[in-house]
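A.B. asks: Right, I'll just put the structure down here and ask away after.
Number of protein chains: 2
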Amino acid sequence: MKSDATAAVLIIGNEILSGKTQEANLKFMAEGFARLGIKLAEARVIRDEPPIIAAVVNELRARYTYVFTTGGIGPTHDDVTAESVARAFGVELVVNEEARRRIASSGRELNQARLKMATVPEGASLIDNAVSLAPGFRIGNVFVLAGVPSIARAMFAACEGELEGGRPILSESIDVYQREGDFAAALEAIAKRYPEVDIGSYPFSRDGRLGASLVVRGTDGARVAAAMTEIRETLAPAD
Amino acid sequence: MKSDATAAVLIIGNEILSGKTQEANLKFMAEGFARLGIKLAEARVIRDEPPIIAAVVNELRARYTYVFTTGGIGPTHDDVTAESVARAFGVELVVNEEARRRIASSGRELNQARLKMATVPEGASLIDNAVSLAPGFRIGNVFVLAGVPSIARAMFAACEGELEGGRPILSESIDVYQREGDFAAALEAIAKRYPEVDIGSYPFSRDGRLGASLVVRGTDGARVAAAMTEIRETLAPAD
Numbered sequence: 727m728k729s730d731a732t733a734a735v736l737i738i739g740n741e742i743l744s745g746k747t748q749e750a751n752l753k754f755m756a757e758g759f760a761r762l763g764i765k766l767a768e769a770r771v772i773r774d775e776p777p778i779i780a781a782v783v784n785e786l787r788a789r790y791t792y793v794f795t796t797g798g799i800g801p802t803h804d805d806v807t808a809e810s811v812a813r814a815f816g817v818e819l820v821v822n823e824e825a826r827r828r829i830a831s832s833g834r835e836l837n838q839a840r841l842k843m844a845t846v847p848e849g850a851s852l853i854d855n856a857v858s859l860a861p862g863f864r865i866g867n868v869f870v871l872a873g874v875p876s877i878a879r880a881m882f883a884a885c886e887g888e889l890e891g892g893r894p895i896l897s898e899s900i901d902v903y904q905r906e907g908d909f910a911a912a913l914e915a916i917a918k919r920y921p922e923v924d925i926g927s928y929p930f931s932r933d934g935r936l937g938a939s940l941v942v943r944g945t946d947g948a949r950v951a952a953a954m955t956e957i958r959e960t961l962a963p964a965d
Numbered sequence: 727m728k729s730d731a732t733a734a735v736l737i738i739g740n741e742i743l744s745g746k747t748q749e750a751n752l753k754f755m756a757e758g759f760a761r762l763g764i765k766l767a768e769a770r771v772i773r774d775e776p777p778i779i780a781a782v783v784n785e786l787r788a789r790y791t792y793v794f795t796t797g798g799i800g801p802t803h804d805d806v807t808a809e810s811v812a813r814a815f816g817v818e819l820v821v822n823e824e825a826r827r828r829i830a831s832s833g834r835e836l837n838q839a840r841l842k843m844a845t846v847p848e849g850a851s852l853i854d855n856a857v858s859l860a861p862g863f864r865i866g867n868v869f870v871l872a873g874v875p876s877i878a879r880a881m882f883a884a885c886e887g888e889l890e891g892g893r894p895i896l897s898e899s900i901d902v903y904q905r906e907g908d909f910a911a912a913l914e915a916i917a918k919r920y921p922e923v924d925i926g927s928y929p930f931s932r933d934g935r936l937g938a939s940l941v942v943r944g945t946d947g948a949r950v951a952a953a954m955t956e957i958r959e960t961l962a963p964a965d
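Just so you know, the sequences run in chain order A and B. Residues 727 to 965 (our numbering) make up the first sequence, in order. Residues 727 to 965 (our numbering) make up the second sequence, in order.
Right under this line is the structure:
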């Protein structure tokens, strides 16, 4: 059991950086990594440019246990993820026969564009796509998923069995209707007594009332619960 | 006029990487940069850890014209952005008198926690916060904004006048109810004739119908319009 497993998410797509599209895959992947006991260390959003994609893939795969990419594996000219990952690994692009069979099974013409979706870096294995047939792929510690959220979710679920995590990261939270500036000192004192858990404070405004969501996270359930009990007793006593 | 101005967005916050919170600032900032003619080259999400924040700030500020950070400037112990940016620039943290005055003007106790929100890297200038008084700050080409979306928006608007962009990046789009695999070759042929614009294809499924949103982006309005006309005539003729 690899308890120090780490991950990075690499979101490939000009549509996110132009403001056209709201990014919609990071949150569910982050929840998935937490459930699996894998620390999501960072996420990046980069443009559809092969030299950039290849360089960032190489940087991230050397640094983290797992790298998950989303986007850029469709049939159009702006889908450049497969060629970029092949470049990162220094391997050729090849047509994967199983991928070709799956895509052909739709009955639609297997033209050059569709054949591109069966083309993966040499040595890659396929990631099932329960939604629309065209698979993602894995090479080394890099998992290449589609960007369309419904497909990305299906592909992420298909990969979970291949990931070696640690103890799941547990989380408890409570909302308090106090200003952060009023409780920060008390919260910091508690955080210092529980160095093995992460305590976060996230301010909000709801229906004109200011407050904060206090979140305790860690792998030791007893310590997470004890820290939350102290927070509740100190900041939100049920007087 | 700096027509090659670039930007990076740095999102600081464990709450995004744990899956607790949906990121909600990147899209409006991306739209703002496009409007200003600044190319948003990348975005990163990193954890609330000062050594990591400082290293990434230094990497990004050397590489891009502007760096915008969000998150981690509140009063609680997990708000570590100001100290991390000071570390990146090799300067001390100092209490900014104007920031102190603004925060004190709320009438609430100016305790240690609230004073922390008036503490910025030496040499920084303030970024107005029309929502909740506590300002952001700018040092060099790094703009440090709050993470709460309503405040981040107000702060971004307050910074716009300080940014030197180029020609606004124009965009036209059309939705076609065809499969990408069927039109990819025709679209690529058009993209090759218009190398000075970006043409993207973003597949969707709506009410059970598959299609794609085709987007043309560039600074030359005539070329953007011409490329879109070709796309419309080729892929969505009004027969």
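C-beta: ideal position from N, C-alpha, C; glycine also.
Give, in chain order, every unbroken run of the alpha helix (DSSP H) that is at least 4 residues long and sits entirely within the region 816 to 867 of chain A.
C.D. replies: Counting whole runs of 4 or more residues, the region 816 to 867 of chain A contains the alpha helix (DSSP H) stretches 823 to 830 and 838 to 842.
A.B. asks: Which residue from Arg773/B, Ala756/B and Ser899/B puts its Cα closest to that of Met954/B?
C.D. replies: Met954/B has its Cα closest to that of Ser899/B, out of Arg773/B, Ala756/B and Ser899/B.
A.B. asks: Measure the C-alpha to C-alpha separation of Arg789/B and Ile738/B and round it to an integer number of angstroms.
C.D. replies: C-alpha separation (whole angstroms): 19 angstroms.
A.B. asks: Note down, in chain order, every chain B residue with its Cβ under 7 angstroms from the Cβ of Ala767/A.
C.D. replies: Near Ala767/A (Cβ distances below 7 angstroms), the residues of chain B are Arg773.
A.B. asks: Is the Cβ-Cβ distance between Val817/B and Leu736/B less than 9 angstroms?
C.D. replies: For Val817/B and Leu736/B, no; Cβs fall outside 9 angstroms.
A.B. asks: At 4 residues or longer, and completely inside the region 892 to 961 of chain A: list those alpha helix (DSSP H) runs for me, N to C.
C.D. replies: Entirely contained in the region 892 to 961 of chain A, the alpha helix (DSSP H) runs reaching 4 residues are, in chain order, 906 to 919 and 947 to 961.
A.B. asks: Among Leu936/B, Ala878/B and Arg919/B, which has the Cα closest to the Cα of Ala952/B?
C.D. replies: Ala952/B has its Cα closest to that of Arg919/B, out of Leu936/B, Ala878/B and Arg919/B.
A.B. asks: Closest Cβ-Cβ distance between Leu786/B and chain A: below 9 angstroms?
C.D. replies: No, no contact with chain A.
A.B. asks: Classify Val846/A: buried if its beta carbon has 16 or more other beta carbons within 10 angstroms, exposed otherwise.
C.D. replies: Val846/A should be labelled buried.
A.B. asks: Just to confirm before moving on: does the CB-CB distance between Asn740/B and Asp805/B stay below 9 angstroms?
C.D. replies: No; because the gap between Cβ atoms is not below 9 angstroms, this pair is not in contact.
A.B. asks: Chain E partners of Arg943/A, CB-CB under 7 angstroms?
C.D. replies: Any reference to chain E falls outside this structure, whose protein chains are A and B.
A.B. asks: Rounded to whole angstroms, how far is the Cβ of Ala688/B from the Cβ of Leu743/A, which I believe are closer than 8 angstroms?
C.D. replies: No answer is possible for residue 688/B: the residues shown for chain B start at 727 and end at 965.
A.B. asks: Which one or two residues does DSSP pair with Val870/B in a beta bridge?
C.D. replies: In the DSSP output, where bridge partners are listed per residue, Val870/B has Thr795/B and Phe863/B.
A.B. asks: Could you tell me whether any Cβ in chain B is nearer than 9 angstroms to the Cβ of Asp908/A?
C.D. replies: Asp908/A counts as touching chain B.
A.B. asks: Applying a beta-carbon distance threshold of less than 8 angstroms, which residues of chain B neighbour Pro929/A?
C.D. replies: The answer, in chain order, is Gly800 and Val874.
A.B. asks: Where does Val783/B sit, in a helix, a strand or coil, going by DSSP?
C.D. replies: In the structure shown, Val783/B sits in a helix (DSSP, three-state: H, G or I).
A.B. asks: Return the CA-CA distance between Arg905/A and Ile772/B, expressed in angstroms with no decimal places.
C.D. replies: Going from the Cα of Arg905/A to the Cα of Ile772/B covers about 25 angstroms.
A.B. asks: Quick one: using the 10 Å Cβ neighbour count with 16 as the cut-off for buried, is Asn855/B buried or exposed?
C.D. replies: Asn855/B should be labelled buried.
A.B. asks: Considering only their Cβ atoms, is the gap separating Leu896/A from Val950/A smaller than 9 angstroms?
C.D. replies: In contact: Val950/A and Leu896/A (Cβ atoms closer than 9 angstroms).
A.B. asks: Under the rule that 16 or more other beta-carbon atoms within 10 Å means buried, what is Asp774/A, buried or exposed?
C.D. replies: Answer is buried; the Cβ neighbour count reaches 16.
A.B. asks: So who's on the other strand from Ala733/B, going by DSSP bridges?
C.D. replies: Ala733/B is bridged to Leu766/B and Tyr792/B.
A.B. asks: Measure the alpha-carbon distance for Gly892/A versus Arg834/B and round it to whole angstroms.
C.D. replies: In a straight line, the C-alpha of Gly892/A is about 45 angstroms away from that of Arg834/B.
A.B. asks: Taking the alpha-carbon positions, what's the Leu752/B to Ala911/B distance?
C.D. replies: Computed Cα separation, rounded: 32 angstroms.
A.B. asks: Between the region 934 to 943 of chain A and the region 760 to 768 of chain B, can you find at least three pairs of beta-carbon atoms closer than 8 angstroms?
C.D. replies: Not touching, per the Cβ criterion.
A.B. asks: Taking the DSSP output, what are the residues bridged to Ile778/A?
C.D. replies: According to DSSP, Ile778/A bridges with nothing at all.
A.B. asks: Could you tell me whether the Cβ atoms of Ala734/A and Leu786/A are closer together than 9 angstroms?
C.D. replies: It is a contact, given that the beta carbons lie within the stated cut-off.
A.B. asks: List the residues that DSSP assigns as beta-bridge partners of Pro738/B.
C.D. replies: Contrary to the premise, residue 738/B reads as Ile rather than Pro in this sequence. Ile772/B, per the DSSP bridge assignment.
A.B. asks: So, helix, strand or coil for Ser744/A, using DSSP?
C.D. replies: In the structure shown, Ser744/A sits in coil (DSSP, three-state: anything other than H, G, I, E or B).
A.B. asks: Suppose you measure from the CA of Arg958/A to the CA of Ile829/B; what does that come to, to the nearest Å?
C.D. replies: For Arg958/A and Ile829/B, the distance between alpha carbons rounds to 28 angstroms.
A.B. asks: Tell me which residues share the same chain as Asn784/B and place their Cβ nearer than 8 angstroms to its Cβ, disregarding the 5 neighbours each side in the sequence.
C.D. replies: The residues are Ala814.
A.B. asks: Please confirm whether Gly800/B and Ala844/B have their CB atoms less than 9 angstroms apart.
C.D. replies: No, these two residues do not count as a Cβ contact at 9 angstroms.
A.B. asks: Throw me the rounded Cβ distance for the Val821/A and Leu852/A pair, which I believe falls under 8 angstroms.
C.D. replies: The pair is not a contact, with the Cβ atoms about 12 angstroms apart (cut-off 8 angstroms).
A.B. asks: Can you give me the C-alpha to C-alpha distance between Ile848/A and Gly907/A, rounded to a whole angstrom?
C.D. replies: In the sequence on display, residue 848/A carries Glu and not Ile. Near 56 angstroms, if we compare the C-alpha coordinates of Gly907/A and Glu848/A.
A.B. asks: Grouping DSSP H, G and I as helix and E and B as strand, with all else coil, what is Leu752/A?
C.D. replies: Helix at Leu752/A.
A.B. asks: Show which residues of chain A have a CB atom less than 8 angstroms away from the CB atom of Ile764/B.
C.D. replies: None at all; the shortest Cβ gap to chain A is about 11 angstroms.
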